[in-house]
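What follows is a short report on a single structure.
2 protein chains.
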Amino acid sequence: MQLGELGEFGLIELVTQDIAPGAEVIRGIGDDAAVYRVREGDWQLVTTDTLVEEVHFSLEYTTWRDLGWKALAVNISDIAAMGGRPLYALISLCLPVDSDVVTVQELYTGLGEVAQAFGVSLVGGDTVSGLSVVLSITLIGAVEANRAVFRSGANPGDLIIVTGTLGDSAAGLFLLQNADYDAGSEAKRRLKRAHLRPEPRVEAGRLLSATGGVTAMLDVSDGLSSDIAHIGRASQVDSLLWGENIPLSDALRDLASALGRDPLEWALHGGEDYELLFTVTRGQADRVRDTLAASGIRSAVIGEVTAPGRGNRLEYKGRLETLPQGGFNHFRMSGK
Amino acid sequence: MQLGELGEFGLIELVTQDIAPGAEVIRGIGDDAAVYRVREGDWQLVTTDTLVEEVHFSLEYTTWRDLGWKALAVNISDIAAMGGRPLYALISLCLPVDSDVVTVQELYTGLGEVAQAFGVSLVGGDTVSGLSVVLSITLIGAVEANRAVFRSGANPGDLIIVTGTLGDSAAGLFLLQNADYDAGSEAKRRLKRAHLRPEPRVEAGRLLSATGGVTAMLDVSDGLSSDIAHIGRASQVDSLLWGENIPLSDALRDLASALGRDPLEWALHGGEDYELLFTVTRGQADRVRDTLAASGIRSAVIGEVTAPGRGNRLEYKGRLETLPQGGFNHFRMSGK
């Protein structure tokens, strides 16, 4: 069935029938605004991200279900990067009028999967017709007062730490776009999954916020080289990254080796890793990393914050160079 | 200058440089998420609306500045319809890469005007490239606990009341689309302004919520005939509208008369009036209307809530008929 036959209100009823609102939701979908209670002593968080077809994703290699997962997951990652709990999501969906209803149901299946996995309630949205698919999600979260972690608190001498491994998502995208190289091994499936179904680091963000020892934090979305510069601008500092310390998965190393590429390119400039990148005073680093390790979360010290003036630099293979900027910038580059 | 030259981050800096965050905003634009305090005893409200070029607006007769005003105003209207105060807005903007930077500045001028007029802080957003203009706004508000007014509380016997006049926006759209009929009189300017720069009824919504006497409420966006049906569905009731009581402006009557049209068509089915439509028990109606009148807000009793079963009906010119449904439904009709 096409959307034109079902109509806007039929579609809303169809995709929202299985959505159970959270305990603090007084009114979810179906009124002029959603209504919810807040917990005393909490600060509220809100973030929004928009995904455009052929700019942020291609339906050639992304299923509607994976698109639903990822669209909400990247917003959850933004809340995680503040140290918060994700709570309420609103979905604005612009679709061509001849879209198939089944595809929209699959999109909501993916949205529902990630929502359930991270305790998010879908409380509202808007569905409109347009030329191409534009998916805009707003996510509200909360964090204990004075426990939010900003981008702006890094100081010279702080260590730079990242969770997990970097570059897998970009390598996965390469495989999705170059099916010839994709032998279908388990390792390659993991790389593609890192791109299509990122797992936001909510638990790590909560643990890091609770330590009180993190001076600045964000999630790696534009790419390490761009994101460390975001911290630098907000904190008025520069950074020195230690290339050999940047954590790479075996799957990424194997693929890069087979292609004769340096895996660090993907890790530095690929983006969409949704790992947490944060800074910690030297005296706190072991304690903070131990807290993560006790919950099975891997982290690596990849550099240090420096006084402003020399720019962001990379020490790699015995050379010290200015860190090239390779991340994503809308309107500056063509789509990735 | 085109957006391609300025880049995403340059654009964000340009349009946000004059934005002063509200007193409760701990962190506005520029981090992974905005952070704000909430007032104890308040419920939070959140709503989102998406406007698509050539579906919701045409840049042939809408300026970018008016578009900015209206896009945020319609969200403010949703918060008003719950009885709430609008607080924090997030703007997601999808633009063609060759858009002129000046147009985006004008859009933000309009957004800033309505934000200032209604005490809203812009705290976040996302700007991305795409095929056509898609503007998605999320607005957060608050209302005193247990004072939110839903669509679902209307009971048979309640009176149906509306603020202001209906149909002006649709008549204004007619003038904008049919320049031949537009002689440029002050009356016609008012009709066009009703369409391009709607004034959300925040004060009326606050007063109505405080009376405690309103059983159901929404804002007239799809059109009276559709919106009264929304209340009916949510409250499980039907309605009888008294056609002669529906408030029409002199400007609307004059234009309809000149065209040989019935002005009630615009008032019933036009939509985008952003007046408040609400129900009140009979014993409370005078007190509630007096409260509005004391603040200079006009209201009219336009019908009564009936027991479910007979459908929504219209009594007009001595006849009783089923109320035709003429509002806007995405995917069902072509764009308006």
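The listed protein sequences derive, respectively, from chains A and B. In terms of this note's numbering, the first sequence opens at residue 58 and continues consecutively. In terms of this note's numbering, the second sequence opens at residue 58 and continues consecutively. Cβ coordinates follow ideal geometry from the N, Cα and C atoms, glycine included.
Taking DSSP as the reference, what is the three-state secondary structure of residue i?
{"i": "residue 204 of chain B", "result": "coil"}
{"i": "residue 238 of chain A", "result": "helix"}
{"i": "residue 386 of chain A", "result": "Reliability of the predicted coordinates at residue 386 of chain A is poor, the pLDDT of 47 falling under 50, and the value obtained from them is presented with this limitation in mind. Residue state, collapsed to three classes: coil."}
{"i": "residue 86 of chain B", "result": "coil"}
{"i": "residue 115 of chain A", "result": "coil"}
{"i": "residue 354 of chain B", "result": "coil"}
{"i": "residue 190 of chain B", "result": "coil"}
{"i": "residue 221 of chain A", "result": "coil"}
{"i": "residue 170 of chain B", "result": "helix"}
{"i": "residue 94 of chain B", "result": "coil"}
{"i": "residue 135 of chain B", "result": "helix"}
{"i": "residue 377 of chain A", "result": "strand"}
{"i": "residue 163 of chain B", "result": "helix"}
{"i": "residue 254 of chain B", "result": "coil"}
{"i": "residue 146 of chain A", "result": "strand"}
{"i": "residue 108 of chain B", "result": "strand"}
{"i": "residue 226 of chain A", "result": "helix"}
{"i": "residue 181 of chain A", "result": "strand"}
{"i": "residue 158 of chain A", "result": "helix"}
{"i": "residue 398 of chain A", "result": "Nothing can be reported for residue 398 of chain A: it is not among the residues displayed for chain A, which extend from 58 to 393."}
{"i": "residue 305 of chain B", "result": "coil"}
{"i": "residue 99 of chain B", "result": "strand"}
Given this structure, state the Cα-to-Cα distance separating residue i from residue j, to the nearest angstrom.
{"i": "residue 199 of chain A", "j": "residue 220 of chain B", "result": "37 Å"}
{"i": "residue 207 of chain B", "j": "residue 191 of chain A", "result": "30 Å"}
{"i": "residue 338 of chain A", "j": "residue 264 of chain B", "result": "52 Å"}
{"i": "residue 232 of chain B", "j": "residue 103 of chain A", "result": "40 Å"}
{"i": "residue 413 of chain B", "j": "residue 325 of chain B", "result": "Lying outside 58 to 393, the shown extent of chain B, residue 413 of chain B is not represented and no answer is given."}
{"i": "residue 107 of chain A", "j": "residue 186 of chain B", "result": "10 Å"}
{"i": "residue 380 of chain A", "j": "residue 365 of chain A", "result": "14 Å"}
{"i": "residue 180 of chain B", "j": "residue 84 of chain B", "result": "8 Å"}
{"i": "residue 322 of chain B", "j": "residue 369 of chain B", "result": "16 Å"}
{"i": "residue 160 of chain A", "j": "residue 119 of chain A", "result": "12 Å"}
{"i": "residue 329 of chain A", "j": "residue 277 of chain A", "result": "6 Å"}
{"i": "residue 171 of chain B", "j": "residue 331 of chain B", "result": "14 Å"}
{"i": "residue 390 of chain B", "j": "residue 245 of chain A", "result": "Note that residue 390 of chain B has pLDDT 35, beneath the 50 cutoff, so the model's placement of it is unreliable and no number is given."}
{"i": "residue 217 of chain A", "j": "residue 361 of chain A", "result": "5 Å"}
{"i": "residue 378 of chain A", "j": "residue 288 of chain A", "result": "19 Å"}
{"i": "residue 258 of chain B", "j": "residue 175 of chain A", "result": "37 Å"}
{"i": "residue 222 of chain A", "j": "residue 89 of chain B", "result": "20 Å"}
{"i": "residue 224 of chain A", "j": "residue 327 of chain A", "result": "6 Å"}
Select from the options the residue whose C-alpha is nearest the C-alpha of residue i.
{"i": "residue 188 of chain B", "options": "A/113, A/234, A/315, A/148", "result": "A/113"}
{"i": "residue 256 of chain B", "options": "B/111, B/127, B/307", "result": "B/127"}
{"i": "residue 358 of chain A", "options": "A/279, A/308, A/333, A/228", "result": "A/333"}
{"i": "residue 373 of chain B", "options": "B/319, B/343, B/92", "result": "B/319"}
{"i": "residue 197 of chain A", "options": "A/159, A/148, A/344, A/230", "result": "A/148"}
{"i": "residue 136 of chain B", "options": "B/98, B/201, B/163", "result": "B/201"}
{"i": "residue 269 of chain A", "options": "A/205, A/328, A/217, A/347", "result": "A/205"}
{"i": "residue 376 of chain B", "options": "B/350, B/134, B/300, B/237", "result": "B/300"}
{"i": "residue 229 of chain B", "options": "B/89, B/348, B/310, B/87", "result": "B/310"}
{"i": "residue 306 of chain A", "options": "A/286, A/356, A/279, A/346", "result": "A/356"}
{"i": "residue 210 of chain A", "options": "A/296, A/116, A/273", "result": "A/273"}
{"i": "residue 138 of chain A", "options": "A/303, A/284, A/163, A/242", "result": "A/284"}
{"i": "residue 290 of chain A", "options": "A/212, A/252, A/227", "result": "A/212"}
{"i": "residue 335 of chain A", "options": "A/271, A/145, A/295", "result": "A/271"}
{"i": "residue 96 of chain A", "options": "A/308, A/111, A/142", "result": "A/142"}
Which bits of chain E does residue i rub up against, with CB to CB less than 7 Å?
{"i": "residue 189 of chain A", "result": "Chain labels in this structure do not include chain E; the protein chains are A and B."}
Inset, instruction - For the segment 253-279 of chain A, enumerate the residues whose C-beta is nearer than 7 Å to any C-beta of chain B, in chain order. - result: Those residues of the segment 253-279 of chain A that come within reach of chain B (Cβ to Cβ, closer than 7 Å) are 275, 276.
Inset, instruction - Quick one: which residues of the segment 94-109 of chain B get their C-beta closer than 7 Å to a C-beta of chain A? List them in chain order. - result: Residues 94, 95, 97, 100, 101, 102, 103, 104, 105, 106, 107, 109.
Legend entry - Within 7 Å of chain A by C-beta, residues of the segment 208-220 of chain B in sequence order: Contact residues of the segment 208-220 of chain B toward chain A are 208 (C-beta to C-beta distance below 7 Å).
Legend entry - Uninterrupted beta strand (DSSP E) stretches inside the segment 311-352 of chain A (no shorter than 3 residues): As far as the segment 311-352 of chain A is concerned, its whole beta strand (DSSP E) runs of at least 3 residues are 333-337.
Legend entry - Ordered list of alpha helix (DSSP H) runs contained in the segment 259-302 of chain B, each at least 4 residues: Runs of the alpha helix (DSSP H) spanning 4 or more residues and lying entirely within the segment 259-302 of chain B occur at 259-268, 281-292, in chain order.
Inset, instruction - Check each residue of the segment 324-355 of chain A: if its Cβ is closer than 9 Å to any Cβ of chain B, include it; give the result in chain order. - result: Residues of the segment 324-355 of chain A whose Cβ lies closer than 9 Å to any Cβ of chain B: none.
Inset, instruction - With 9 Å as the limit, tell me which residues of the segment 141-156 of chain B have their beta carbon closer than that to any beta carbon of chain A; keep them in chain order. - result: Identification of residues in the segment 141-156 of chain B having a C-beta nearer than 9 Å to some C-beta of chain A yields 141, 145, 147, 148, 149, 150, 151, 152, 154, 156, given in sequence order.
Inset, instruction - Give the residues from the segment 162-187 of chain B that approach chain A closer than 8 Å (Cβ to any Cβ), ordered along the chain. - result: When C-beta distances to chain A are compared with 8 Å, the residues of the segment 162-187 of chain B below that value are 180, 181, 182, 183, 184, 185, 186, 187, in chain order.
Legend entry - Residues of the segment 352-383 of chain B with Cβ closer than 9 Å to any Cβ of chain A, in chain order: Listed by position, the residues of the segment 352-383 of chain B near chain A (Cβ gap below 9 Å) amount to none.
Inset, instruction - With 7 Å as the limit, tell me which residues of the segment 113-132 of chain A have their beta carbon closer than that to any beta carbon of chain B; keep them in chain order. - result: If the cut-off is 7 Å between Cβ atoms, the segment 113-132 of chain A has nothing near chain B.
Inset, instruction - Give the residues from the segment 82-93 of chain A that approach chain B closer than 9 Å (Cβ to any Cβ), ordered along the chain. - result: Within the segment 82-93 of chain A, the qualifying residues are 83, 84, 87, 88, 89, 90, 91, 92, 93.
Inset, instruction - May I ask you to list, following chain order, the residues of the segment 289-303 of chain B that have a beta carbon less than 8 Å from some beta carbon of chain A? - result: Hits within the stretch, in order: 291.
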